Each structure stands twice: as C-alpha cells, then as structure tokens.
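Below: the structure, in structure tokens.
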Amino acid sequence: MSKRDEPLTMPLVGPAKVAGAPVDPRAADEPARASAWLIRLEAGAPERTVRSLVERLRGQGLEAACHDIGGGLVAVGRAEREQLRQGLEATALAGRLIAVETPYRLVRRDAAPEGSIVRIGARAFGRGFSLIGGPCAVESRLQIQAAARAAAGAGIHVLRGGAFKPRTSPYAFQGLGLRGLELLAEAGRASGLPVVSEILDPGHLERMYPLVDAFQVGARNMQNFELLKALGDVDRPVVLKRGPSATLEEWLLAAEYLLAGGNGQVLLCERGIRSFNTNTRYTLDLATAVQAKALTHLPVIVDPSHATGLPELVPPLAAAALAAGLDGVMFEFHPQPEAALSDGPQALRVEALDAMVERLRRVEAALAEAGLREAGLPDTPR
Ligand code: PEP
Ligand code: MN
C-alpha cells in the first residue's frame, strides 16, 4: 500500500486512532533505532524523576527534552531503542516508546491520542464545536462594542478583531494598533467574551499580552519563524492560520515551532488556499483540515470568511466543518458591512448570526442523534 493509499483513521466521535508504538517496547515491529522518539509517560510520573530521565539521556549525548503535552512527554532525537528502554528502567518510569519518522514530532496525534484541549478564556476548543466571530478590524469603540454585544447575544464563544492588520496595499486601513486592542479588550470585558487578535511583530508581544486572551498568527506570517519562536515562549493560546500556499507538512511544522518552544496551546485554522478558482477569494481546503485533525492532537478550525470572501458561503461551510468532525469556525461579521474599513464585502450582517448559530445547532443535534458527534454548542442566551 502506498503512503497515499493509507486510510486516515479518524472517527467523528472520540479520539482519533493513529498507530503509535506497540505497548510492549520489545515488540518485534518496533525499530531498534529511529530519527526521533517520543516517550509518553504514564500519568502521574513525578516531575523530578522525569527530569532525571532527561538528564540521563542528555548525559549519553542525546537530544532530549520534556514537554507537558497531554501528560508527561519526553522527546528525544535520533537514538537507539535500547538506550531509551534502559533509561526508563533506571528511573523506574513506565512509558510508551513511539518511533518518529515524520519531520514533526510534538504535534503528532500519538503524542496525545485523546486530543489536546486549547482554552481561550472559558472556552475549551477540542471538545464540541466552537465559534470565533467578529469584525475583520477594530474600527471604533462604538463598532466593536456593537459587535461584542451581537456576538454574546448569538452565543459566539470568542470575539475577534484585528488591530494590527496585514494589508496587501500600503494605502489600505492598517488598523488602530494598540488603541484598537484596548478597545477590543474593553468590549470583551463588557460582553463577557474572551478576545483574539493578530500579532504581526514579536516586538508587540509584551504590550499585547495583557490585552488579548489568544494571539492569532495570520496566514502571511505562518512561516515567520522569529514570531513563532517568540510565541512558543508565551503562556497564551495561539490560533495558527495556514498560509495560502503552505503544504500540510509546512503548516504542521509551523505549529511544531510553537510546541517545541514550550507552548502547547495551539489551534490550527485553515483559511483557504490559492487555486485556479476566481469565483471565491481562496479555496477552503476542508480535506487538509480533516487530515490535520487526524495527524495531530491539536484542535482544528476553519475560516470560511477569508476562504471564500462571500458571506453567504459562511454558514454552509461552517456546517460542513462541523459535519466533518472539526472543532470550530472563525468568521467575520460587522454591525455595518457597507461601512467597514476592511473586508466589508465578506462580513456577515449581525442579523444573520442567530440563523447561522441555529443552523449549526440543528446540524449538531442531527449528528449527535446519529451517534456521529457529541453536542458542544451551549444554549444561545436570548
Ligand atoms: C484575518 O483574520 O483578519 C486575516 C487577515 O486572516 P488571514 O491571515 O487568514 O488572511
Ligand atoms: Mn479579514
């Protein structure tokens, strides 16, 4: 069977089953050496003992590091299975060895087979279907307050709004900068919603940190490695958009930068890729989003607003993402789309929000009824 023919095993309910190492580390089909290894330690492994395992492996000249991903996880570079087995024995730790031949290690599904949870404010992404919505850009106090009220009223979980905008044209509205973030944070507080906003420059990190509940890395910055390294060192979730021409592997390696830096709170967001289509702004690559979900333990959401540029395609594609077993949707709406300073033509009207949420709730109920998905959307406050 060629690699392309291998089935992606991802049930819609429960953890995805992706083959990891056999439970018995001496099992015959486990390689004697591999390019890299993960050691998934049993729950409750004492931190000090885990550190002594890492030290021991480093003492043998191996590249080893401990990560807090779905419990204790030790990542090791190229090594012999026997060295790892002896290390476990010497420290009396019980763990499962996973031979890694993919270029990415920590984002692999078998690093945390049950799937990781990413919390933005009180919302747990990775369980149920979550909604991030708001305007493309924060434009004024009046605008973002109106958007926040509408979002909270419709049952949206996280308010979005760009303050530092990556615009194709230098003459286009560039965002309100820090002032915009202050207005976003204020609107979030007033509506009880956590907020997410895009970071363009690692130099903005410190000033943004107190004002946002999550950082967004935009499509254009997916491979801004200095930005990824800076965010790897931060204890705030990151919404990592896929670059419009990035392969699945490049996208996952961008996420790997964040995890390797120590930030396990990463949400993948597919936002459309370049194709020959001219009828939509980009092309929503739902297939790759589903693959990303199967191959990694990270929650995966889609952004049908930027993918299509057409507000009428947002509700049906959000429903498709829900039915495909993904974790949520990010989309744009605006209290007055015709007056918006950026991405107005793709913004849903506030009046369309309730119908979209209701549609998703019905799809979710039908999927739950069919045993295909657990219900996760909270009741819409009226
Ligand atoms: C956005 O979310 O406003 C945005 C600019 O998205 P992207 O980076 O996907 O183009
Ligand atoms: Mn936008």
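Position in the sequence shown counted from 1, then plus 189, gives you our numbering.
Here a beta-carbon is modelled for each residue, glycine too, at the ideal position from N, C-alpha and C.
Source: prediction; values computed, not measured.
Give me the residue from the options with the minimum Cα distance to residue i.
| i | options | result |
| --- | --- | --- |
| M411 | A529, L251, A264 and E445 | E445 |
| R267 | Q275, R229 and V289 | V289 |
| R349 | I321, E375 and Q363 | I321 |
| P383 | G369, R240 and H346 | H346 |
| A232 | Q525, S434, L282 and D390 | L282 |
| L502 | P534, K482, S241 and A528 | P534 |
| R301 | C325, T291 and L230 | One point to set straight first is that residue 301 is Ala, not Arg, in the sequence displayed. Nearest option by C-alpha distance: L230. |
| I309 | A508, F404 and T497 | F404 |
| G560 | Q525, A512, A536 and A529 | A512 |
| G260 | E236, Q249 and E278 | E236 |
| L372 | P399, Y360, S358 and P359 | P399 |
| L370 | S386, A435, L447 and L246 | S386 |
| A449 | V552, P355 and I258 | I258 |
| A465 | S434, G451, A234 and G248 | Inspection of the sequence shows that residue 465 is occupied by Phe rather than by Ala. Taking only the C-alpha atoms, the option nearest F465 is S434. |
| E438 | K418, V406 and A478 | A478 |
| G461 | H486, K430 and N452 | K430 |
| R368 | R562, L251 and R396 | R396 |
| L286 | V296, N413, K354 and Q272 | Q272 |
| T469 | A443, L442, G498 and G451 | G498 |
| L389 | E219, L277 and R356 | R356 |
| A234 | L277, A311, E219 and R330 | L277 |
| S329 | A374, A311 and A313 | A374 |
| Q275 | R312, L246 and A555 | L246 |
| L262 | R240, Q249 and G248 | R240 |
| V296 | T238, A311, G248 and H256 | H256 |
| V546 | Q249, G248 and S319 | S319 |
| G323 | E244, T238 and A376 | A376 |
Mind reading off the beta-carbon distance from residue i to residue j? Whole number of angstroms is fine, and I expect it under 8 Å.
| i | j | result |
| --- | --- | --- |
| R270 | R222 | 7 Å |
| Q332 | P500 | 17 Å between Cβ atoms; not a contact. |
| R548 | A508 | 6 Å |
| W440 | A408 | W440 to A408, Cβ: 10 Å. No contact. |
| E521 | A536 | 5 Å |
| D532 | C325 | 4 Å |
| R298 | L484 | 6 Å |
| A254 | A225 | A254 to A225, Cβ: 11 Å. No contact. |
| V406 | L416 | 7 Å |
| V307 | G315 | 6 Å |
| L242 | T280 | 5 Å |
| G304 | I228 | The Cβ separation is near 20 Å, so there is no contact. |
| I451 | D422 | Here the sequence assigns Gly to residue 451, which means Ile is not the residue at that position. That belief holds up - the Cβ atoms of G451 and D422 are roughly 6 Å apart, short of 8 Å. |
| G342 | V327 | Rounded, the Cβ-Cβ distance is 19 Å, inconsistent with contact. |
| F353 | L530 | Rounded, the Cβ-Cβ distance is 14 Å, inconsistent with contact. |
| P292 | L442 | 6 Å |
| E563 | A557 | 6 Å |
Is residue i close to the ligand SAM? I mean its beta-carbon at under 7 Å from any heavy atom of the ligand.
| i | result |
| --- | --- |
| D492 | For the ligand SAM, the structure offers nothing, since it holds only the ligand PEP and the ligand MN. |
Exercise. Count the C-beta pairs between the region 482-493 and the region 514-530 that are closer than 8 Å, then say yes if the count reaches three, no if not.
Key: yes
Quiz item: Taking one C-beta from the region 454-470 and one from the region 425-435 each time, how about it: are there three or more such pairs within less than 8 Å?
Solution: yes
Quiz item: Between the region 370-388 and the region 329-338, do at least 3 Cβ pairs fall closer than 8 Å?
Solution: yes
Exercise. Using the beta-carbon of each residue, find all residues closer than 5 Å to any heavy atom of the ligand MN and list them in chain order.
Key: C325 and D532
Exercise. Output the residue ranges of the beta strand (DSSP E) runs that lie fully inside the region 478-553 and measure 3 residues or longer, sorted by chain position.
Key: 489-491 and 517-523
Self-check item: Cβ contact check for the region 498-512 and the region 539-546: 3 or more pairs under 8 Å
Solution: yes
Practice problem: Could I get the ranges of all uninterrupted alpha helix (DSSP H) runs contained in the region 339-411, with 4 residues as the minimum, in chain order? | Solution: 367-380 and 394-397
Self-check item: Every unbroken alpha helix (DSSP H) inside the region 270-330 [4 residues or more]
Solution: 270-280
Exercise. Could you pull out every unbroken alpha helix (DSSP H) segment of at least 4 residues lying fully inside the region 415-477, listed in chain order?
Key: 437-449
Quiz item: Taking only runs of the alpha helix (DSSP H) that begin and end inside the region 215-267, which ones reach a length of at least 4 residues, in chain order?
Solution: 236-248
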